[in-house]
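*Asks:* In this note's numbering, the protein residues as written are 26 to 215.
1) Does the distance from the C-beta atom of residue 198 to that of residue 144 stay below 8 Å?
2) In its own chain, which residues sit with a C-beta less than 6 Å from the C-beta of residue 112, not counting the 5 before and 5 after it?
3) What's the gap between the Cα of residue 48 and the Cα of residue 39?
4) Go through its chain and collect everything with a Cβ distance to residue 193's Cβ below 6 Å, but skip five positions before and after it.
5) Just how far apart, CA to CA, sit residue 201 and residue 121?
6) Does DSSP put residue 73 in a helix, in a strand, or in coil?
7) Between which two residues does the alpha helix (DSSP H) carrying residue 185 extend?
8) Measure the alpha-carbon distance for residue 203 versus residue 34 and round it to whole angstroms.
9) Can you find the residues in the same chain that come closer than 8 Å, C-beta to C-beta, to residue 186, ignoring five residues on each side of it along the sequence?
10) Three-state secondary structure (DSSP) at residue 227?
11) If we call anything under 8 Å between Cβ atoms a contact, is residue 110 one with residue 116?
12) Nearest CA to the CA of residue 149: which residue from 139, 161, 68 and 141?
13) Tell me the DSSP secondary structure of residue 91 in three-state form.
14) Excluding five sequence neighbours on each side, which residues of the same chain lie with their C-beta closer than 6 Å to the C-beta of residue 78?
15) What would DSSP say about residue 175, mapped onto helix, strand or coil?
16) Using C-beta distances below 7 Å, list every residue in its chain close to residue 128, excluding the 5 sequence neighbours before and after it, in chain order.
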């Protein structure tokens, strides 16, 4: 939640067919000195986010996913949720730097209980362990609107196939949208 690793910020450029973002990264935050391959695949392969409503990035890190959603859906509110304080500050700074005003960066418990999400995108924190991962996903996927969808990227070697089966068993029908370089893009619904 509060990295003790010494700060050493670096800038990276996220280049996608429809947009370009300059992001400051830092030690103690996922994706230091790069945009993770799974994140980039999600941003290239995910269906368009809902143009309006509340959208969610679970574990926003420096903001690559949240800021891309916000650019693609300027009339929506994007909630960038993160437990890591350094990451939240980077995401806020990166939103300002890139002129993106429709992002709300916050800790998980700071999202109002009545907010429901039409689109969730995430490169979830698989390495927190299966019980914590499952609790986190159930918490947020349970807050989707009736017609909402969650797009997740998970590496095959980190359990994407078993996660797909588990999500379906928990009442979130899940299909594989794409695969590349060992990553799976999963789509879950209510």
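By construction, the Cβ of each residue, glycine as well, lies at the ideal position given by its N, Cα and C atoms.
*Replies:* The relevant details are as follows:
1) Stepping through the chain shown from its first residue, residue 198 is reached at position 173. Stepping through the chain shown from its first residue, residue 144 is reached at position 119. No, the pair does not count as a contact, with Cβ atoms beyond the cut-off.
2) Working through the chain shown from its first residue, we reach residue 112 at position 87. So the qualifying residues of the chain are 54 and 86.
3) Stepping through the chain shown from its first residue, residue 48 is reached at position 23. Stepping through the chain shown from its first residue, residue 39 is reached at position 14. Going by the C-alpha atoms only, they are around 7 Å apart.
4) Stepping through the chain shown from its first residue, residue 193 is reached at position 168. The residues are 199.
5) Start at 1 with the first residue of the chain shown, and residue 201 comes out as number 176. Start at 1 with the first residue of the chain shown, and residue 121 comes out as number 96. C-alpha separation (whole angstroms): 34 Å.
6) The count along the chain shown starts at 1 and reaches residue 73 at position 48. The answer is coil: DSSP assigns residue 73 none of H, G, I, E or B.
7) Residue 185 sits at position 160 when you count from the first residue of the chain shown. Here the alpha helix (DSSP H) through residue 185 covers 185 to 194.
8) As a working note, residue 203 is residue 178 in the chain shown. As a working note, residue 34 is residue 9 in the chain shown. Cα to Cα, residue 203 sits roughly 32 Å from residue 34.
9) As a working note, residue 186 is residue 161 in the chain shown. These residues qualify, in order along the chain: 209.
10) Nothing about residue 227 can be read from this structure; the chain reaches only from 26 to 215.
11) For the purposes of this step, residue 110 is identified with residue 85 of the chain shown, where counting begins at 1. For the purposes of this step, residue 116 is identified with residue 91 of the chain shown, where counting begins at 1. No, the pair does not count as a contact, with Cβ atoms beyond the cut-off.
12) Residue mapping note: residue 149 aligns to position 124 of the chain shown, counting from 1. Residue 149 has its Cα closest to that of 161, out of 139, 161, 68 and 141.
13) Here residue 91 is taken as the residue at index 66 of the chain shown, counted from 1. Three-state DSSP puts residue 91 in a helix.
14) Reading the chain shown from its first residue, position 53 is the one you call residue 78. So the list reads 101 and 143, once near-sequence residues are dropped.
15) For the purposes of this step, residue 175 is taken as the residue at position 150 of the chain shown. Strand at residue 175.
16) Residue numbering aside, residue 128 sits at position 103 when the chain shown is read from its first letter. So the qualifying residues of the chain are 91, 92, 95, 103, 105 and 120.
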